[in-house]
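Protein chains: 2
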Amino acid sequence: MADVTASLSIGQVAERTGLSVHALRFYEQQGVFVSPIRRGAGGRRSYSQDDVDWLTVCIILRASGMPLPALRRYADLVREGAGNEEERLALLQEHHGRVTAQLGRLAQCLDLITFKVGVYEDLIDQKRHAAGPDRPRPSIGGDVPASRPGTSA
Amino acid sequence: MADVTASLSIGQVAERTGLSVHALRFYEQQGVFVSPIRRGAGGRRSYSQDDVDWLTVCIILRASGMPLPALRRYADLVREGAGNEEERLALLQEHHGRVTAQLGRLAQCLDLITFKVGVYEDLIDQKRHAAGPDRPRPSIGGDVPASRPGTSA
DNA sequence: CTAGGAGCTAGAGTCGGCTCTAGGTCAACC
DNA sequence: GGTTGACCTAGAGCCGACTCTAGCTCCTAG
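Sequence order for the protein chains is P and R.
Take any residue in the first sequence, note its place counting from 1, add 33, and you have its number in the numbering used here.
Take any residue in the second sequence, note its place counting from 1, add 33, and you have its number in the numbering used here.
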């Protein structure tokens with residue numbers, strides 16, 4: 034029972050979350066932490082495991098595009114304590130919807146990119162083989178247009 | 034044969050691409066167009082269908098996170114004409130990789146979000162039913178920690 | 001006892017990607 | 001002939017999310 038509820042310095046938290054110390058102070062100032070970060074000797078921040086866990090969630094939410102104000106709002110709700118679970122749920126559901134939508138859009142984009150990569154690959158190894166009389170393939174001008182996918186979106 | 038190769042005003046292009054006229058001028062200034070936009074009466078921009086097609090591709094690339102400098106680089110290559118297909122391919126492949134990675138990350142994030150939504154849904158309809166003697170579920174303090182997914186990433 | 005390293009605060013700076021403003025030109029309508 | 005309304009240029013401003021700086025306090029090691 035050594036490092037259970039061990040408290041970490043800002044540098045250690047930075048190291049294990051991948052955030053910069055600047056970002057950690059910035060997040061704190063922005064109110065994304067649920068409980069105030071404790072201070073140790075000389076006013077230094079001392080993060081609990083809970084703080085780090087929460088931070089981990091925050092990082093994932095941020096990575097999925099949740100803006101800081103929404104994150105702060107969520108933190109506010111959690112800080113308020115039990116009783117506002119519907120609001121938290123609503124916030125998360127909304128974010129869930131946005132992430133799902135973004136995934137969809139991204140997948141569509143990927144289709145086009147994959148298509149274009151394919152076209153260039155074909156084009157390039159047609160050149161390599163410097164083939165005979167079979168037509169090189171139509172509709173490549175300066176660049177291929179959006180021909181196949183993406184036209185519908 | 035009326036509007037084939039019709040040329041469009043900046044306003045019309047804005048309308049059908051969803052970009053603002055400001056953004057269109059900005060993109061032009063940033064060199065993302067392959068050929069210079071023609072000018073009509075009084076120096077007004079006149080977009081060809083090709084311009085709009087290219088723009089459509091650009092929009093998709095941007096939507097998938099390609100930064101403007103990369104887009105410009107791509108446009109530069111296309112403008113140069115045939116002979117640099119390997120470079121174009123490389124650029125697209127790199128972007129393809131990044132988009133794929135981003136999709137993966139986003140999917141992981143979505144897992145956590147889905148999980149948390151699930152937890153709150155359970156929690157809320159347990160409350161609604163105000164059930165009997167079965168324990169409400171452990172490990173919900175202020176908020177559920179990252180318990181299930183995301184812990185590995 | 002001093003030099004280095006980690007931390008502190010407040011606030012300025014940066015970057016990407018637009019967005020907006022000021023001041024002007026046209027063409028068309030009333 | 002005056003007023004819209006769409007367009008023009010050059011350049012300033014904005015927003016989000018950090019990032020960096022200056023000037024300070026500690027603690028520890030040499």
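Idealized CB from N, CA, C, for every residue including glycine.
| Within chain R, partners of P/Gln-190 - CB distance below 7 Å | In this structure chain P extends from 34 to 186, so residue 190 of chain P is not present and cannot be described.
| message | Please report the distance separating the alpha-carbon of P/Gly-51 from that of P/Gln-159. | response | Translated into positions along the first sequence, residue 51 of chain P becomes position 18. Translated into positions along the first sequence, residue 159 of chain P becomes position 126. Annotation: P/Gly-51 to P/Gln-159 spans about 45 Å, alpha carbon to alpha carbon.
| message | I'd like to know if P/Ala-179 contacts chain R, where contact means its C-beta is closer than 8 Å to some C-beta of that chain. | response | Sequence index remark: in the first sequence, residue 179 of chain P carries index 146 (1-based). Its pLDDT being 47, under 50, P/Ala-179 is placed unreliably by the model, and the measurement read from it follows with that caveat. At a cut-off of 8 Å, the C-beta of P/Ala-179 has a neighbouring C-beta in chain R.
| request: With a threshold of 16 other CB atoms inside 10 Å of the CB of P/Phe-66, please say whether the residue is buried or exposed. | output: Here residue 66 of chain P is taken as the residue at index 33 of the first sequence, counted from 1. Classification for P/Phe-66: buried.
| query | What beta strand (DSSP E) runs, 3 residues minimum, are completely inside the region 43-74 of chain P? | reply | Scanning the region 43-74 of chain P for uninterrupted beta strand (DSSP E) segments of 3 residues or longer gives 71-73, listed from N- to C-terminal end.
| Among the residues of its own chain, which have a CB less than 8 Å from the CB of R/Ala-39, if the five just before and after it don't count? | Position 6 of the second sequence holds residue 39 of chain R. Correct list, in chain order: Gln-82.
| request: Please report the residue range of the beta strand (DSSP E) in which P/Ser-79 lies. | output: Residue mapping note: residue 79 of chain P aligns to position 46 of the first sequence, counting from 1. If you look at P/Ser-79, you'll find it in the beta strand (DSSP E) that goes 77-79.
| field | Beta-carbon contacts of P/Asp-84 that lie in its chain and below 7 Å, excluding the five residues immediately before and after | value | Position 51 of the first sequence, counted from the start, is the residue given in the question as residue 84 of chain P. Hits under 7 Å: Phe-66 and Ile-70.
| query | So P/Ala-123 is in the alpha helix (DSSP H); what residue range does that whole segment cover? | reply | To locate residue 123 of chain P, count along the first sequence from 1; it is residue 90. From DSSP, the alpha helix (DSSP H) with P/Ala-123 extends over 118-162.
| task | State the start and end residues of the unbroken alpha helix (DSSP H) segment that holds P/Leu-101. | result | Within the first sequence, residue 101 of chain P is the residue found at index 68, counting from 1. Segment 101-113, the alpha helix (DSSP H) holding P/Leu-101.
| message | Measuring only the C-alpha atoms, how far is R/Tyr-107 from P/Ala-134? | response | Against the second sequence, residue 107 of chain R aligns to sequence position 74. Against the first sequence, residue 134 of chain P aligns to sequence position 101. Taken atom to atom, the span from the alpha-carbon of R/Tyr-107 to that of P/Ala-134 is near 27 Å.
| Residues near P/Ile-92 in its chain [Cβ-Cβ closer than 8 Å; skip 5 each side] | Working through the first sequence from its first residue, we reach residue 92 of chain P at position 59. Here the set comprises Thr-50, Gly-51 and Leu-52.
| field | Length of the line joining the Cα atoms of R/Leu-145 and P/Val-132 | value | By 1-based counting over the second sequence, the position of residue 145 of chain R is 112. By 1-based counting over the first sequence, the position of residue 132 of chain P is 99. Whole-angstrom Cα-Cα distance: 11 Å.
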